[in-house]
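Chains as they are written, first to last, in this note's numbering: chain G, 102 to 365; chain V, 57 to 356; chain D, 355 to 611. Glycine included, C-beta positions come from ideal geometry on N, C-alpha and C.
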Amino acid sequence: MNRLGFVAPPIIVGLCFLAIWEGGVRLFDIQEFLLPKPTSILSALRSEWAGEIGAGRLTNLREAGFETGKVAVIGLIVGVVVGSLLALATTRFRLLRESFTPLAVVANATPIVALAPIFNAWFGITGATSNVAVVIVVVFFPVFINVARGLTEVHPNQLELMRSYAASPTTVLREVRIPNALPFFATSLRLAAPLSVIAAIVAEYFGGPTNRLGPVITQNASFARYDNAWAAIVVASALGLVLFGLALLIERAIVPSGRPIEID
Amino acid sequence: MTAPVETARPGFARAAPAVLRQAVTVLGSLVTIVVLWEGYKFIGDRTDDTWPLTNIGLPVSSDDLTMPHASDIWSAFWAPVQRGGSDSLAVFLVKASWFTLREAALGFAMGTCIGLVLAAIMLRSHFAERGVLPWVNISQTVPLIALAPIVVTWGRTNGWGDTLSVALISTYLTFFPVAVNGLKGLQSPQAADIELMRSYAAGWRDTLFKVRLPAARPYLFPAFKLAGTLSVVGAIVGEISAGVRGGLGRAILDFAGRYSTGPAKVYAAVIGAGLLGLFVFGLISAAERFFVRGPQGSGT
Amino acid sequence: MTAVQISGAGMTFNPGSDNAVRALDDIDLTIGHGEFVSLIGPSGCGKSTLLRLVGDLITPTTGSIEVFGKSAEQARLDRDYGMAFQQAGLFDWRKVAANIELPLELIGWSRSDRSARSKEMLELVKLDDFGDHYPWQLSGGMQQRVAIARSLAFSPRLLLMDEPFGALDEMTREHMQSELLRIHAKTATTVVFVTHSISEAAYLSNRVVVLSPRPGQIHSIIDVDLGERSDAIRETPAFFAKTTEVREALRAVEASA
């Protein structure tokens, strides 16, 4: 398939969506506080992006996006590193594997963002530490569970082969388990990247510094400045997209791709 | 003969059914957490919140306000919610959970339907798959959860109940895994299976319902489990940011607002939210056991 | 009378693009009613492609294919085909009997007719007691027999088989071959059978079509006239002579390629 055939359909669908949105709001005369037009959101984005901070404006979107982005990225990196390391540890320590892994699966089924108020009590609400902590925990579980699966769900034949070579556990880890876990790691990264932004924003609802996207959205929404709130959401989406794109790039780099060639 | 790589261990581990073993592990882990929790508090108490034999401070203060005793959290469940009230916190949380569960279930149902329809459309048309799938992925980077107040405003102008509004936020989170995994599952039958149906001159609908959909079950149920958890997250966060009263989300927020007078209540409410998530997860897992039988289902 | 008439059929995948593959070229073949014809050849010779053309699973880029005097598509819509593949391809979520009844369900047979028919089919493949089992509870050979029962369920006039015994062990395979011949004799269905086993082709067929690769063409057609088949035939000089003939044709194909 050529490049155009790959890029054109999503662009066409996206433009149609925006056109229907814009046209629908104009045609049915929907009030801006219910659903602002894409063009209104764009102009709000322009004026709020680098708007002067001061009277009546606590922050601008550039600053808020940068600060929330920092929280998301730090939490993402720490969560991914800790999750992967702990997953590696489970291949060595059976007790850890048999007790912690089921617990992680259980914890992953719970609404982890609800921990935000507890972390606020632990780390205080003036700094961003508790927000970062929420992101770390939210990111940690999918990464840990996926990587641990990748490290353990190895084909028995491969383990038997390594055994026949009298390979040490370290060799098995390096030659079999880690390569097997790479696609799992990539998947979890793809999952965790946008999740980190959402977790950061939800955590910011519960407390922390106010020059962030979360408070900007809620404050503007409570003053019925929905165009500004939507503009903040656009910034948040862009953040999530950038991280998602980075995750895809990393996936490309570490997971071999390509289809087998069929003849008959 | 090929022996299994890891030979079965003798004694309890082998004899006990898997469920019992899991229960024991989880229980053991819970005990471990409580011991670690109380141990941390004990050490912090003795060393004035520094690591033993050093001057380096502990990351979290160990006092009873920041980290209430496990026993205090436990008894908070059974104490009245308000002074002089008749309901214990446990009863209050169960009621709030029921409220939140209804929102989550409605959102889950709507999200599942939308996800399945999207998956079927993407299956049907290559243009739709290439045009829509990237947006389905992108949709999850949009923190629409942030729009909860707006969604509730929409709902109130249109005369919907707040339950529906919060459910819509759950819907937005749940449709995604169902659509993505559903498409994968619907595409999972082998070429030969589809050729077989073609040789029977079976139509698209017959192929969908008799082959593709049943074949998609092993893909759909993990998505349902994820969607179930997300529907609870959506309902809780939706309640919080929309200011809807009566559910768990609001309870957590209220208790957090009065943290200094009853820290154990916040912990209890958060544990309640976790249990609700687990309940939904367990419900869907049970459905999975029932609906997905076969070599990959009950074969273990 | 003619069952299948292939005239000048050719198949090119991805025509006009850089990775165009000419899979088949100018195939002429006539198959009579009740005949058992095997297609054999080295991998890449397009034998599966030819089978799929006959079954109207793909459409030829040149030439035409008639089945029972009508287009292949019409024959498919008339449900003249039964198909079996290398993988039994049974549906895990249906019990054995329900798998056999699937094609009947699609053409709207009543429940009682269906179950009567699946019982009959299970008897035919000697699996009377296994209707209530799930496919994954059966051995590979038994699964393949269910697949054959399924392919015969609505008494198709033409049976298309793509290496149906390819994944079975040698003993099961020989047993299944005899079963297939027994069923063939009983139902008088026309069979087109793709295989890469020389002895299988010689044992089963009235005619063996040897294909050569790149592009797939008919190299030679070998008539096999061994009379009534039985396991004893496998050890006769006549059978040995036929397998040798097929083997040499295949060697000639390899040499010219």
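- Counting along the chain, the unbroken beta strand (DSSP E) around Y435(D) starts and ends at 435–438.
- The alpha-carbon separation between W490(D) and T272(G) amounts to approximately 36 Å.
- Judged by DSSP secondary structure, M496(D) falls within the alpha helix (DSSP H) whose first and last residues are 494–505.
- With contacts defined by Cβ atoms closer than 8 Å, V391(D) and R561(D) form a contacting pair.
- When DSSP assignments are scanned along the region 136–186 of chain V, the uninterrupted stretches of alpha helix (DSSP H) that are 4 or more residues long and fall wholly within it turn out to be 145–180.
- The Cβ of L216(G) sits closer than 8 Å to at least one Cβ of chain V.
- For T263(V), there are no neighbours in chain G by C-beta distance under 8 Å, as the nearest C-beta there is about 22 Å away.
- In the pairwise beta carbon analysis, the region 364–378 of chain D is classified as touching the region 392–405 of chain D: at least three pairs are separated by under 8 Å.
- Taking a cut-off of 8 Å on C-beta distances, the region 325–341 of chain G does not touch the region 179–187 of chain G, as fewer than three cross pairs fall below it.
- Counting only the Cα atoms, V126(G) lies some 58 Å from D105(V).
- Counting along the chain, the unbroken alpha helix (DSSP H) around G315(G) starts and ends at 314–323.
- For Q531(D), not one C-beta of chain V is nearer than 8 Å to its own C-beta.
- With contacts defined by Cβ atoms closer than 8 Å, V322(V) and T156(V) do not form a contacting pair.
- Within the DSSP bridge table, the entry for F118(G) names no partner.
- Interface flag for I299(G) against chain V is set, since a Cβ pair is found closer than 8 Å.
- Counting along the chain, no alpha helix (DSSP H) covers L121(V), and no H or E run does either.
- Assignment of R430(D) by DSSP, reduced to helix, strand and coil, places it in the helix class.
- Counting only the Cα atoms, L393(D) lies some 11 Å from A556(D).
- Pairwise C-beta distances place the region 251–258 of chain G in contact with the region 281–291 of chain G, as three or more of them are shorter than 8 Å.
- Put simply, the CB of P569(D) is far from chain V, with every gap to its CB atoms at 8 Å or more.
- A residue is called buried once 16 or more other Cβ atoms fall within 10 Å of its Cβ, and H573(D) is buried on that count.
- Residue pairing by DSSP puts M515(D) in a beta bridge opposite A438(D), F547(D).
- Chain D places no beta carbon closer than 8 Å to that of S244(V), leaving this residue out of the contacts.
- Cβ-Cβ distances below 6 Å link Q359(D) to T384, E420 in the same chain, with the five nearest sequence neighbours on each side left out; the list follows chain order.
- At least one beta carbon of chain V lies nearer than 8 Å to the beta carbon of L135(G).
- Of the candidates A165(V), S118(V), L339(V), S118(V) places its Cα closest to the Cα of I99(V).
- By the criterion of at least three beta-carbon pairs nearer than 8 Å, the region 413–430 of chain D is not in contact with the region 476–488 of chain D.
- Contact check for V348(V) against R273(V) passes: the beta carbons are separated by less than 8 Å.
- Judged by their CB atoms, L242(V) and L179(V) are nearer to each other than the 8 Å cut-off.
- Taken in chain order, the members of the region 296–310 of chain V whose beta-carbon sits within less than 7 Å of a beta-carbon on chain G are I296, S297, I308.
- Two segments are said to touch when three or more pairs of C-beta atoms, one from each, lie closer than 8 Å; by this definition the region 259–278 of chain G does not touch the region 162–178 of chain V.
- Here D482(D) carries a helix assignment [DSSP, helix/strand/coil].
- Secondary structure at T416(D): strand, using DSSP grouped into helix, strand and coil.
- In terms of Cα proximity to L405(D), the closest of V607(D), D516(D), G436(D), L476(D) is D516(D).
- Taking each of I225(V), E185(V), K266(V), W154(V) in turn and checking the Cα distance to L239(V), the smallest one comes out for E185(V).
- A contact is defined here as three or more CB-CB pairs under 8 Å, and the region 234–242 of chain G meets this definition with respect to the region 208–216 of chain G.
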